[in-house]
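Report on the structure given below.
Numbering (my numbering), first residue to last: 3 to 221.
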């Protein structure tokens, strides 16, 4: 079971309340200064021992709760990243192809989904491999795929060419099955973002989202 920080805080208050419940009677029933010195000393020693024991117990509980909170946050993060970590993409060297009566430079784009679940609103962008900056603006040098099932899927994407010895890579932005948006950078880093894929690139809809077909399945 994963503990939330709110529940752990309530648990700490309960422990503190129990400590007060047991410690206060000892303090209130401590010997009066008017009693003989030996009895007063012995009585206060008992009080101090009880309070020290209660504080030690409370400290141990608080440490254990802190460890549990840290472990809870770690497991929540692992669960959150579980699907997105299994989404990758890459492209091969470009080739000249005919499209709409003109010659264009295109690469085969591979999107690999090993999560066992669908991902949605996938935007693949060609980026400069050195800087990570996207090559195109708006719709250019991008592929828009409405959903990607489990498996490896092949698409075509416009390539800018290799002038001036530049190298290029692929960046993915997509939504997972829990509607979280992720960015897989061209260097492989995975980052959760707070906007939808189109909004992240400041692209105004509508967009023609491509749907998977048997011809794009690499299996």
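Quick reminder that beta carbons are idealized off the backbone N, C-alpha and C, glycines included.
Confirm, please, whether the CB-CB distance from residue j to residue i is below 9 Å.
{"i": "residue 186", "j": "residue 51", "result": "no"}
{"i": "residue 93", "j": "residue 205", "result": "no"}
{"i": "residue 120", "j": "residue 179", "result": "yes"}
{"i": "residue 223", "j": "residue 86", "result": "Nothing in the structure corresponds to residue 223, since the chain is present only between 3 and 221."}
{"i": "residue 79", "j": "residue 117", "result": "no"}
{"i": "residue 132", "j": "residue 104", "result": "no"}
{"i": "residue 128", "j": "residue 147", "result": "no"}
Specify the secondary structure class of residue i as computed by DSSP and reduced to three states.
{"i": "residue 85", "result": "coil"}
{"i": "residue 183", "result": "strand"}
{"i": "residue 202", "result": "helix"}
{"i": "residue 168", "result": "coil"}
{"i": "residue 91", "result": "strand"}
{"i": "residue 51", "result": "helix"}
{"i": "residue 3", "result": "Residue confidence for residue 3 is low, a pLDDT of 46 falling below 50, so the modelled location carries little weight and cannot support an answer."}
{"i": "residue 78", "result": "helix"}
{"i": "residue 148", "result": "strand"}
{"i": "residue 141", "result": "coil"}
Using the DSSP secondary-structure output, state which residues sit across from residue i in a beta bridge.
{"i": "residue 100", "result": "105"}
{"i": "residue 174", "result": "126, 186"}
{"i": "residue 209", "result": "Answer is none; residue 209 lacks a bridge partner."}
{"i": "residue 154", "result": "114"}
{"i": "residue 160", "result": "108"}
{"i": "residue 120", "result": "DSSP output for residue 120 lists no bridge partner at all."}
{"i": "residue 219", "result": "155"}
When we look at the beta-carbon of residue i and count the other beta-carbons within 10 Å, is it buried (16 or more) or exposed?
{"i": "residue 96", "result": "buried"}
{"i": "residue 144", "result": "buried"}
{"i": "residue 174", "result": "buried"}
{"i": "residue 195", "result": "exposed"}
{"i": "residue 167", "result": "exposed"}
{"i": "residue 126", "result": "buried"}
{"i": "residue 219", "result": "exposed"}
{"i": "residue 151", "result": "exposed"}
{"i": "residue 115", "result": "buried"}
{"i": "residue 100", "result": "exposed"}
{"i": "residue 137", "result": "buried"}
{"i": "residue 164", "result": "exposed"}
{"i": "residue 188", "result": "buried"}
{"i": "residue 199", "result": "buried"}
Verify the CB distance criterion: does residue i have a CB-CB separation below 9 Å to chain B?
{"i": "residue 97", "result": "No chain B is part of this structure, which consists of one protein chain only."}
Looking at C-beta atoms only, is the number of pairs between the stretch 140–157 and the stretch 104–120 that lie closer than 8 Å three or more? yes
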